[in-house]
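S.K.: Protein chains in written order, with the working numbering: chain S, 1 to 525; chain Z, 1 to 171. Beta carbons: idealized from backbone N, C-alpha and C, even for Gly. Take a look at this one; I'll ask things after.
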Amino acid sequence: MDYREIISGIKNKLPDFNAISSSQSYPDEICLKVSPQIFKDTCFTLHKILSSPVMMLFALDERKERGCFVVNAVFVHPKSSQWIIVTIDIPQENPSFDTLAKSIYSASLFEREIWEMFGIKPEGNPDLRRLHLHDEVWPQGNFPLRKDFSKMNAGNLSEYKFGRVDGEGIFEVPVGPVHAGIIGPGHFRFSVAGEPIINLETRLGFTHRGVEKLFEDKICNNVVGFSECVSGDSSFAHSLAFTRAIEKISGVIIPKQAEYLRAIFLEFERIYNHANDIGGISIDVGFSFPAAYASIIKEAILQLNERLAGNRYLKKVNTVGGVLADIDEAKRLILLSSLKKIKKDFQELARMLNASVSFMDRADTAGVLKKKTAEDLGIVGLVARASGIPGDLRKYFPGVYKDAKFKMITQESGDVLARLKVRIFEFEESLRLIEEFSACLKPGEQVKVNALVRSGSALGYAEGWRGPVLYWLKTDPNGLIQRCKIVDPSFHNWQGLTYAVLGNIIPDFPLCNKSFDLSYSGNDL
Amino acid sequence: MIYILKNRFLKGVVTRHIDAGLSKDMGAAGLELRSLIRKRFGRSLHIRQVDTGSCGACESEIISACNPIYDLQRFGIQFVASPRHADALLVTGPISKNMLIALKKTYEAMPQAKFVITCGDCALDGGIFKDSYYVGARVKDVLPVVLHIPGCPPDPATIIKVLLAFLSDLI
């Protein structure tokens, strides 16, 4: 399916549709430029015909070059393995656009982000409270992602308004930002009637560090390290999505050997995190022996990472044009023998959990996220797969996963047990994939090519362990980054948690939370 | 239950000796330290960790330091859930503007005779985030920091070594 078919598909549903320009910028990327008047209807039609949530929605400040702001909405079309980007120009005086959020819920958080960062108003959006820039410390009227922003000007501070549930016998329980464990900061406000939770409002943004702005005006090759520090437990997926975006812009094809190595490291990142979460879920029901067992497995994988790639969290492995760490024959043998041990330990762990009735009783039917809710919220990745939504970038854009016959894991029930099972099965599948990929390695082959960055824009992506990690990049002719938009799957999925806990009791919240295990820093950026 | 017991015996003790450079025999030095901590802090040293904007890697390594392999607890060092129980505050990450108040309040909530440790390169001076519009103060501008654990992230062995070396000097 190329862009002409997409356009005729939209025209069938939306007779008024007329694109200002349309192009197939890359084999996996279609760009449609439309007028702001039909932006909302075009996005809604695409959302329906592709059955894709809004994967990204973000703005750019091009007032200096072209005298306008730009807003892009990104959708994914799994069947044809393509991303579809709808773009509009917005005049710089009183910038605004028609809200998508009223017809496509998955756009609402993105619109709040555009409003706080650029001051472009999503006209008609009922909720314009700020997400990352907290009202208590950041005055109104400062839009940090605008190009002419240099420093914060003093102004009015205010207080955040939480949604409130009123009624007889309703209690509010505020939790955070500093939590009881060794974990990131976030604020949760529970409204409870007796034991069950009837509303949960999350307020995040506590780890906001302005990462997107930091990328700007930097040379691509120098800032791979930034992407690795967006979310420390997915540093490889982030650097992979970032480098892939640059590679698309510069038009280089990376060596096959590097493709395999990247896939191996991506799977290693997945399994150490899955082991960590399986342990976390069992500790949150007070079952500490399997948790200790899982932490031994995690440590074994981290140590293997260090031996293979020189870094426990796979930092400094990816580079523009390939990878910096090769797996030679000696390392391959270490890899295979370690995998064998890890596999055995993991089977013991899974058996231990399966054999415990009290554990299963806690996990079963706790924290259900229904499929319909998940679809409406635009939930992605592992959590979506546990709620019966088949979606995995390794399936949509297979690459080397095709020959390895990658099998996507889904579950239907959407509860803690389903998310646990997805993790267990994915762990086993990843072990198989690593073995397959390592058999394809040819020691001594080239693992890196040089890439010359040109001017352009592209979408880079990788299926991290939580879900799709997306980087949209725009560079100028000198190869400096003009705009870098990052979307971590946590940004979509935090909303899912607030629905999954409803009707559960507060003591089950840590369990539900751990079964999602979302990133604070990846969400807050 | 029997299955778990069986696994417990099959797995045995996985704890690793930490070659700390403190002493040739870390086991003995650790025990000595433990008895010192016992005397000085009244049983054990309790640490409260606060993330002020870290990426999560430092947290992951701190948790790893408490796993059965590194087993930080054997030296009498515990991570606690409340600042009210803590002797020391361990700060990770650059200070995001949003976390500044929470950090100060956490410190104020700790009982007297308390000290602050920073963990990871970001916590020292903001690290790669120091030029950001949302990262201002350094931890040492806000709180009296007595120790820094370097690394991005510091691995569990480094965390333990630096902590133990500091404590044995202190005590």
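Assuming contact is defined by CB atoms lying nearer than 8 Å, are Ala-439 (chain S) and Ala-81 (chain Z) in contact in what I supplied?
M.R.: Indexing the first sequence from 1 puts residue 439 (chain S) at position 439. Indexing the second sequence from 1 puts residue 81 (chain Z) at position 81. Not a contact, by the Cβ cut-off of 8 Å.
S.K.: Does Val-13 (chain Z) get closer than 8 Å to chain S when you measure Cβ to Cβ?
M.R.: Numbered from 1 along the second sequence, position 13 holds the residue referred to as residue 13 (chain Z). Judged by the 8 Å Cβ criterion, Val-13 (chain Z) is not in contact with chain S.
S.K.: Who are the Cβ neighbours of Tyr-578 (chain S) in its own chain at under 6 Å, not counting the five residues just before and after it?
M.R.: Residue 578 (chain S) cannot be examined here, being either before or after the span of chain S that is shown, 1 to 525.
S.K.: Kindly indicate which three-state DSSP category Asp-71 (chain Z) falls into: helix, strand or coil?
M.R.: By 1-based counting over the second sequence, the position of residue 71 (chain Z) is 71. Of the three classes helix, strand and coil, the one that applies to Asp-71 (chain Z) here is coil, per DSSP.
S.K.: Please identify the residue among S:Ile-183, S:Gly-67, S:Pro-174, S:Tyr-396 whose C-alpha is closest to the C-alpha of Gly-93 (chain Z).
M.R.: Locating residue 93 (chain Z) in the second sequence gives position 93, where the first residue counts as 1. Residue S:Ile-183 is the option with its Cα nearest to Gly-93 (chain Z).
S.K.: Helix, strand or coil for Ser-22 (chain S) per DSSP?
M.R.: Numbered from its first residue, the first sequence carries residue 22 (chain S) at position 22. Ser-22 (chain S) falls in the strand class under three-state DSSP.
S.K.: Checking contacts by CB at 8 Å: is Asp-233 (chain S) closer than that to chain Z?
M.R.: The sequence position of residue 233 (chain S) within the first sequence is 233, counting from 1. It does; some Cβ of chain Z falls within 8 Å.
S.K.: For the alpha helix (DSSP H) holding Asp-345 (chain S), just list the boundary residues, first then last.
M.R.: Reading the first sequence from its first residue, position 345 is the one you call residue 345 (chain S). Note, Asp-345 (chain S): alpha helix (DSSP H), 329–354.
S.K.: Does the beta-carbon of Asp-169 (chain Z) have 16 or more other beta-carbons within 10 angstroms, so that it is buried, or is it exposed?
M.R.: For the purposes of this step, residue 169 (chain Z) is taken as the residue at position 169 of the second sequence. Classification for Asp-169 (chain Z): exposed.
S.K.: Between Ile-49 (chain S) and Val-34 (chain S), is the Cβ-Cβ spacing less than 8 Å?
M.R.: What you label residue 49 (chain S) is simply residue 49 of the first sequence in a count that begins at 1. What you label residue 34 (chain S) is simply residue 34 of the first sequence in a count that begins at 1. In this structure, Val-34 (chain S) does not lie closer than 8 Å to Ile-49 (chain S) by Cβ.
S.K.: Please list the partners that Ser-132 (chain Z) has in chain S, where partner means a Cβ-to-Cβ separation under 8 Å.
M.R.: Within the second sequence, numbered from 1, the residue matching residue 132 (chain Z) stands at position 132. Ordered by position in chain S, the residues that pass the 8 Å Cβ test against Ser-132 (chain Z) are Arg-209, Gly-210, Val-211, Lys-213, Leu-214.
S.K.: Flag Phe-289 (chain S) as yes if its beta-carbon sits less than 8 Å from any beta-carbon of chain Z, otherwise no.
M.R.: For the purposes of this step, residue 289 (chain S) is identified with residue 289 of the first sequence, where counting begins at 1. Yes, contact with chain Z.
S.K.: For Ala-109 (chain Z), collect the residues of the same chain with a Cβ closer than 7 Å to its Cβ; drop the 5 residues on either side in sequence, then sort them by chain order.
M.R.: In the second sequence, residue 109 (chain Z) corresponds to position 109, counting from 1. Closer than 7 Å at Cβ, skipping near neighbours: Pro-83, Arg-84.
S.K.: Could you list which residues in chain S have their beta carbon closer than 7 Å to that of Gly-173 (chain Z), in chain order?
M.R.: A question about residue 173 (chain Z) goes unanswered here, because the residues of chain Z that appear run from 1 up to 171.
S.K.: How is the beta strand (DSSP E) around Lys-79 (chain S) delimited, first residue to last?
M.R.: Numbered from 1 along the first sequence, position 79 holds the residue referred to as residue 79 (chain S). Premise fails: Lys-79 (chain S) is in no beta strand (DSSP E) and is neither H nor E.
S.K.: How do the stretch 445–455 of chain S and the stretch 405–423 of chain S stand: do at least 3 beta-carbon pairs fall below 8 Å, yes or no?
M.R.: No contact exists between the stretch 445–455 of chain S and the stretch 405–423 of chain S.
S.K.: Across the stretch 95–102 of chain Z and the stretch 50–70 of chain Z, are there enough close Cβ pairs to call them in contact, namely three or more that are closer than 8 Å?
M.R.: Output reads yes: the stretch 50–70 of chain Z touches the stretch 95–102 of chain Z.
S.K.: Can you tell me whether Asp-364 (chain S) is buried or exposed, with buried defined as 16 or more other CB within 10 angstroms of its CB?
M.R.: Here the question's residue 364 (chain S) lines up with position 364 in the first sequence. Exposed, since its Cβ has fewer than 16 Cβ neighbours within 10 Å.
S.K.: Which runs of the alpha helix (DSSP H) fall wholly inside the stretch 95–162 of chain Z and span at least 4 residues, in chain order?
M.R.: Here the runs fully enclosed are 100–109, 121–125, 139–142.
S.K.: Would you tell me roughly how many angstroms separate the C-alpha atoms of Val-530 (chain S) and Glu-216 (chain S), rounded to the nearest one?
M.R.: A question about residue 530 (chain S) goes unanswered here, because the residues of chain S that appear run from 1 up to 525.
S.K.: Using the C-alpha atoms, what's the distance from Gly-460 (chain S) back to Ser-227 (chain S)?
M.R.: Translated into positions along the first sequence, residue 227 (chain S) becomes position 227. Translated into positions along the first sequence, residue 460 (chain S) becomes position 460. Near 12 Å, if we compare the C-alpha coordinates of Gly-460 (chain S) and Ser-227 (chain S).
S.K.: Just to make sure I have the definition right: I need the residues of chain S whose C-beta is within less than 7 Å of the C-beta of Asn-62 (chain Z). Which are they?
M.R.: Along the second sequence, one-based indexing puts residue 62 (chain Z) at 62. The residue asked about is misnamed: residue 62 (chain Z) is Ile in this sequence, not Asn. Ordered by position in chain S, the residues that pass the 7 Å Cβ test against Ile-62 (chain Z) are Ile-182.
S.K.: Along chain Z, which residues have their Cβ under 8 Å away from the Cβ of His-492 (chain S)?
M.R.: In the first sequence, the residue the question calls residue 492 (chain S) occupies position 492. The premise fails here: His-492 (chain S) is roughly 18 Å from chain Z at the closest Cβ pair, so nothing lies under 8 Å.
S.K.: State buried or exposed for Tyr-133 (chain Z), treating a residue as buried only when at least 16 other CB atoms are found within 10 Å of its CB.
M.R.: Here residue 133 (chain Z) corresponds to residue number 133 of the second sequence, with the count starting at 1. By the neighbour-count rule (16 or more Cβ atoms within 10 Å), Tyr-133 (chain Z) is buried.
S.K.: Ignore the nearest five residues each way along the sequence and tell me which others in Ser-387 (chain S)'s own chain have a CB closer than 6 Å to its CB.
M.R.: Taking the first sequence and counting its residues from 1, the one referred to as residue 387 (chain S) is at position 387. Leu-369, Lys-371, Ala-374, Gly-414.
S.K.: Could you tell me whether the Cβ of Leu-167 (chain Z) comes closer than 8 Å to any Cβ of chain S?
M.R.: In the second sequence, residue 167 (chain Z) corresponds to position 167, counting from 1. Chain S contact via Cβ: absent.
S.K.: Return the CA-CA distance between Asn-72 (chain S) and Ser-457 (chain S), expressed in angstroms with no decimal places.
M.R.: Here residue 72 (chain S) is taken as the residue at index 72 of the first sequence, counted from 1. Here residue 457 (chain S) is taken as the residue at index 457 of the first sequence, counted from 1. Their backbone Cα atoms lie some 12 Å apart in a straight line.
S.K.: So, helix, strand or coil for His-179 (chain S), using DSSP?
M.R.: Start at 1 with the first residue of the first sequence, and residue 179 (chain S) comes out as number 179. Note: His-179 (chain S) maps to coil in three-state DSSP.
S.K.: Does any CB atom of chain S fall closer than 8 Å to the CB of Tyr-3 (chain Z)?
M.R.: Translated into positions along the second sequence, residue 3 (chain Z) becomes position 3. So yes, Tyr-3 (chain Z) belongs to the interface.
S.K.: Are there 16 or more other CB atoms within 10 angstroms of the CB of Pro-468 (chain S), so buried, or fewer, so exposed?
M.R.: Position 468 of the first sequence, counted from the start, is the residue given in the question as residue 468 (chain S). With 16 or more Cβ atoms within 10 Å of its Cβ, Pro-468 (chain S) is classed as buried.
S.K.: By Cβ distance, which residues of its chain are closer than 8 Å to Pro-154 (chain Z), with the 5 residues on each side in sequence left out?
M.R.: As a working mapping, residue 154 (chain Z) is identified with position 154 in the second sequence. Answer for Pro-154 (chain Z): Cys-58, Glu-61, Cys-119, Gly-120, Val-162, listed in chain order.
S.K.: Output yes if chain Z places a C-beta closer than 8 Å to the C-beta of Gly-205 (chain S); else output no.
M.R.: The residue you call residue 205 (chain S) lines up with position 205 of the first sequence. Cβ-Cβ to chain Z under 8 Å: yes for Gly-205 (chain S).
S.K.: Report the neighbours of Ala-81 (chain Z) on chain S: residues whose CB is nearer than 8 Å to its CB, in chain order.
M.R.: Working through the second sequence from its first residue, we reach residue 81 (chain Z) at position 81. Those within 8 Å of Ala-81 (chain Z) in chain S are Ala-180, Gly-181.
S.K.: Output the boundary residues of the alpha helix (DSSP H) element that contains Tyr-520 (chain S).
M.R.: Locating residue 520 (chain S) in the first sequence gives position 520, where the first residue counts as 1. Per DSSP, Tyr-520 (chain S) belongs to the alpha helix (DSSP H) from 520–524.
S.K.: Taking only beta-carbon atoms, is Cys-484 (chain S) less than 8 Å away from chain Z?
M.R.: As a first step, residue 484 (chain S) is located in the first sequence; it is residue number 484 there, counting from the start. False, the Cβ-Cβ gap to chain Z never drops below 8 Å.
S.K.: Please report the straight-line C-alpha distance between Ser-455 (chain S) and Ser-81 (chain S), rounded to a whole angstrom.
M.R.: Your numbering for residue 455 (chain S) matches position 455 in the first sequence. Your numbering for residue 81 (chain S) matches position 81 in the first sequence. Looking at the two C-alpha atoms, the distance is approximately 25 Å.
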